[in-house]
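Respectively, the protein sequence lines represent chains A and B. Plus 80 on top of the position in the first sequence (first one is 1) and you've got this note's numbering. Plus 4 on top of the position in the second sequence (first one is 1) and you've got this note's numbering. For glycine and all other residues, C-beta sits at the position ideal for the given N, C-alpha and C. This one's a predicted model, so the numbers in the text were calculated from it and none came from an experiment.
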Amino acid sequence: MNAVVPLSTLLDARQVWRGRAHEVSVGDQPTGWCALDAVLPAGGWPEASLSEILLPVDGVGELRLVLPTLARLTQGQRNVVIVSPPYAPCVAGWRQQGVDMRRVEFVDAGEKDVLWATEQCLRSGSCAAVLAWTHHADDRALRRLQVAAVTGQALAFVFRDRSHLSNASPAALRLELEAPPRPQIWVRKCRGGAVPAQAIPLPRSVH
Amino acid sequence: MLIDGPINARTIVSANETARAAGLHVGQRLSAAQALLSQFEAIPYDRESVERWLHFLAAVAYRYSSEVSLLPHAIVLEVSKSMGLFGPWPRLESMLRADFTDLGFRHRMAAAPTAHAAHVLTTVSDGQAVLSVDNLRNALQRVPIAKSRLPANALAALPSMGIRTVGQVLALPRDGLRRRFGAELLASLDRLTGDLPSGLELYRPPDTFDLRIELLHEVENQSALIFPVRRMVDDLAAYLAGRDGGVQRFLLRLEHREGRFTDVPVGLLASERDGALLFEFARGRLEHVTLPEPVLALRLIARDLPAFVPAGRDLFDERPANALPIEQVRERLRARLGDGAVYRLGSTQDPRPERAQREATHDEVPIEPHPRPTWLLPRPIPLRGGEPTILAGPERLETGWWDGGEVCRDYYVIETSLGQEAWAFCAPDEQTGWMIHGWFA
Numbered sequence: 081m082n083a084v085v086p087l088s089t090l091l092d093a094r095q096v097w098r099g100r101a102h103e104v105s106v107g108d109q110p111t112g113w114c115a116l117d118a119v120l121p122a123g124g125w126p127e128a129s130l131s132e133i134l135l136p137v138d139g140v141g142e143l144r145l146v147l148p149t150l151a152r153l154t155q156g157q158r159n160v161v162i163v164s165p166p167y168a169p170c171v172a173g174w175r176q177q178g179v180d181m182r183r184v185e186f187v188d189a190g191e192k193d194v195l196w197a198t199e200q201c202l203r204s205g206s207c208a209a210v211l212a213w214t215h216h217a218d219d220r221a222l223r224r225l226q227v228a229a230v231t232g233q234a235l236a237f238v239f240r241d242r243s244h245l246s247n248a249s250p251a252a253l254r255l256e257l258e259a260p261p262r263p264q265i266w267v268r269k270c271r272g273g274a275v276p277a278q279a280i281p282l283p284r285s286v287h
Numbered sequence: 005m006l007i008d009g010p011i012n013a014r015t016i017v018s019a020n021e022t023a024r025a026a027g028l029h030v031g032q033r034l035s036a037a038q039a040l041l042s043q044f045e046a047i048p049y050d051r052e053s054v055e056r057w058l059h060f061l062a063a064v065a066y067r068y069s070s071e072v073s074l075l076p077h078a079i080v081l082e083v084s085k086s087m088g089l090f091g092p093w094p095r096l097e098s099m100l101r102a103d104f105t106d107l108g109f110r111h112r113m114a115a116a117p118t119a120h121a122a123h124v125l126t127t128v129s130d131g132q133a134v135l136s137v138d139n140l141r142n143a144l145q146r147v148p149i150a151k152s153r154l155p156a157n158a159l160a161a162l163p164s165m166g167i168r169t170v171g172q173v174l175a176l177p178r179d180g181l182r183r184r185f186g187a188e189l190l191a192s193l194d195r196l197t198g199d200l201p202s203g204l205e206l207y208r209p210p211d212t213f214d215l216r217i218e219l220l221h222e223v224e225n226q227s228a229l230i231f232p233v234r235r236m237v238d239d240l241a242a243y244l245a246g247r248d249g250g251v252q253r254f255l256l257r258l259e260h261r262e263g264r265f266t267d268v269p270v271g272l273l274a275s276e277r278d279g280a281l282l283f284e285f286a287r288g289r290l291e292h293v294t295l296p297e298p299v300l301a302l303r304l305i306a307r308d309l310p311a312f313v314p315a316g317r318d319l320f321d322e323r324p325a326n327a328l329p330i331e332q333v334r335e336r337l338r339a340r341l342g343d344g345a346v347y348r349l350g351s352t353q354d355p356r357p358e359r360a361q362r363e364a365t366h367d368e369v370p371i372e373p374h375p376r377p378t379w380l381l382p383r384p385i386p387l388r389g390g391e392p393t394i395l396a397g398p399e400r401l402e403t404g405w406w407d408g409g410e411v412c413r414d415y416y417v418i419e420t421s422l423g424q425e426a427w428a429f430c431a432p433d434e435q436t437g438w439m440i441h442g443w444f445a
């Protein structure tokens, strides 16, 4: 048996497929948090993709994380949809962060319809970002959202409980928020780059 | 040859050229025909299917004109406005002909200033185009009475009076005609020449598409179904183009013996109307189906026919192609989740947090200078646990005494013992009995 076969012949004969690292283009969706932008491969949110934000409890800074993005999008006359938020949003607080509330749609959907509504909004192509709070999203459902985000060229944000961290996820970016007293962001997965070893502090809102 | 009538008195409705050459003619008894010609194929005339196909063709023609009407065995389109869009008549005619030929229909076509005149001209010859009212009278002059589609009593009586063309009828004194044949003949003539409006009811395309094809023999292998499915999907695409719509979901029903059937649903992510594309999807689904029994007939049912948004938009539009406007998205969500499920929020002039925001308000309110949370609790909850740290405040709200919703509170930004930032209030000047009203999430 002629065991020694030059690798180049195999490659030239196209019998071996060589995987290639997926190029991540630097996107145009900064998070508004310089420290976070610096470690993310796309220099911000992955464009037209699903980002998953894992929380220990509600109200630990998840809105602080995304409101700069919402402010930027709504001021650019783009629509943003919020699907089944856990509390009522405080309009005055959102406006203080620069969000143009005329461009924000709120959707109250039952647990069964959250994913459907999110997918419809993402797929429509007329929403720049869709934020959804869901308890029962499985891998399959998230994959649908990821595909919908690609189709509609929209940013998808899903807020879930931290207990889902151990499950694999098709999201392009997974962030975990750590509750006070040390509020910080852990990047748990980022497509196209190595996961940073250190957490990024999440500063308090300034009063 | 098509035959129709009660079983003991079948008559010929239509015969092809070979049959006509052998002496068969329309209206002849089937028994007489059998005496003349020993071998011919007689197909029962199916009125329902004729009607169905006429409606189908009207739906196809609807693509070219918004005013489509049905006459017996004919479709009339108002084309004078369509020519602005599709070009002059010869071009429009060739487009129509190409469509009908592709769908496998033989046809005759004529253009005339009135609907009924066009109908009459098609019976005389194919391809006549009379585009002005003056020429219309000339064209009608030579039309034989037998083909003029005038009322039956006139058709029967006029030739025996020596009147053989429509031109001769038009030259007759109207009073005499009315006395002899009644007002109906005059009305028909006036509709022919355009002195009376045609009075046709406009065709409205149906909102669902339902097409059934019976197979000539039992089919046990789905690859043999591909060809009829292709034909059906092409018909669906033609219908959709006429309706300027798309299809998002349709159903292929494979009918077996004794009313049993297998359903093959075809669902699309976005609405489509391209025949080739729809066929690809349908074939993909069909290939995965194992036929439990031989198939006798196929049915294609499409009920979900949303608007079709063609690709390509404004040159500088940032949104992706085939984007659905946000209004339509809202509609779709409302349709499923309820009317109140989709809303926008705006600020009001009222400083009380409970009333500071409202749905669908467009007041121009300046941005609140004092800190406000991002989540608002539906009702304040008492703070539990250890003593909080005050980060900012107090901000006193003392208002509402005039409408029964009086509040007098000192609001603070506090950090709870667990480290969460909260928006809380207490009675004026007290700093105890904290009530949390929102979170700085």
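{"Asked": "The segment 211 to 218 of chain A / the segment 157 to 165 of chain A touching (three or more Cβ pairs under 8 Å)", "Found": "yes"}
{"Asked": "Residue 316/B in three-state terms, based on DSSP", "Found": "Bear in mind that a pLDDT of 48 at residue 316/B, under 50, signals an unreliable position, so the model cannot answer this."}
{"Asked": "Below-8 Å beta-carbon distance, residue 282/A vs any chain B residue", "Found": "no"}
{"Asked": "Proximity below 8 Å, CB of residue 419/B to CB of residue 392/B", "Found": "yes"}
{"Asked": "Residue environment, residue 175/B, which counts as buried when at least 16 other CB atoms sit within 10 Å", "Found": "exposed"}
{"Asked": "Cβ distance (whole Å) where residue 240/B is taken to contact residue 251/B below 8 Å", "Found": "7 Å"}
{"Asked": "Beta-carbon contacts of residue 445/B that lie in its chain and below 6 Å, excluding the five residues immediately before and after", "Found": "378 and 379"}
{"Asked": "Distance CB(residue 228/A)-CB(residue 203/A) smaller than 8 Å", "Found": "yes"}
{"Asked": "At least three beta-carbon pairs within less than 8 Å, the segment 265 to 281 of chain B to the segment 183 to 192 of chain B", "Found": "no"}
{"Asked": "Neighbour-count burial assignment, residue 133/A, 16 or more Cβ in a 10 Å radius", "Found": "buried"}
{"Asked": "Residue 107/B and residue 79/B closer than 8 Å at C-beta", "Found": "no"}
{"Asked": "Any non-hydrogen atom of the ligand MN closer than 7 Å to residue 376/B Cβ", "Found": "By its list of ligands, the structure shown contains no ligand whatsoever, and the ligand MN lies outside what it can speak to."}
{"Asked": "When 263/A, 258/A and 225/A are compared against residue 251/A, the one with the closest alpha-carbon", "Found": "225/A"}
{"Asked": "Chain B contact for residue 221/A (CB, 8 Å cutoff)", "Found": "no"}
{"Asked": "Rounded straight-line distance, which links the Cα of residue 399/B to that of residue 347/B", "Found": "30 Å"}
{"Asked": "Rounded C-alpha distance that separates residue 152/A from residue 290/B", "Found": "47 Å"}
{"Asked": "Neighbour list for residue 200/A in chain B, Cβ cutoff strictly below 8 Å", "Found": "333, 336 and 337"}
{"Asked": "Residue range of the unbroken beta strand (DSSP E) whose run includes residue 414/B", "Found": "411 to 419"}
{"Asked": "Residue 327/B at chain A interface by Cβ criterion, 8 Å", "Found": "yes"}
{"Asked": "Whole-number beta carbon distance between residue 427/B and residue 411/B, since they are thought to touch under 8 Å", "Found": "14 Å between Cβ atoms; not a contact."}
{"Asked": "Identity of the residues DSSP links to residue 386/B by a beta bridge", "Found": "439/B"}
{"Asked": "Which residues DSSP lists as bridging residue 303/B, in chain order", "Found": "216/B and 257/B"}
{"Asked": "CB-CB length for residue 350/B against residue 181/A, believed under 8 Å", "Found": "6 Å"}
{"Asked": "Proximity winner among 261/A, 248/A, 256/A and 123/A, relative to residue 272/A (alpha-carbon distances)", "Found": "123/A"}
{"Asked": "Cβ-based neighbour list, residue 179/A, same chain, cut-off 6 Å, excluding 5 preceding and 5 following", "Found": "150, 151 and 154"}
{"Asked": "C-beta neighbour in chain A for residue 316/B, strict 8 Å", "Found": "Bear in mind that a pLDDT of 48 at residue 316/B, under 50, signals an unreliable position, so the number given afterwards is only what the model happens to contain. No, because no Cβ of chain A sits closer than 8 Å to the Cβ of residue 316/B."}
{"Asked": "Spatial distance of residue 53/B from residue 75/B (CA atoms)", "Found": "16 Å"}
{"Asked": "6 Å Cβ shell around residue 283/A - same chain, five flanking residues per side excluded", "Found": "none"}
{"Asked": "Inter-residue spacing [alpha-carbon to alpha-carbon] between residue 126/B and residue 134/B", "Found": "11 Å"}
{"Asked": "Status (buried if at least 16 other CB within 10 Å, exposed otherwise) for residue 13/B", "Found": "exposed"}
{"Asked": "Contact list for residue 159/A against chain B, beta-carbon separation under 7 Å", "Found": "330"}
{"Asked": "Short CB-CB distance (under 8 Å) between residue 443/B and chain A", "Found": "yes"}
{"Asked": "Which of helix, strand or coil DSSP assigns to residue 240/A", "Found": "strand"}
{"Asked": "Environment of residue 262/B [buried if 16+ CB atoms lie within 10 Å]", "Found": "exposed"}
{"Asked": "According to DSSP, residues forming a beta bridge with residue 73/B", "Found": "80/B and 206/B"}
{"Asked": "CB contact below 8 Å: residue 347/B versus chain A", "Found": "yes"}
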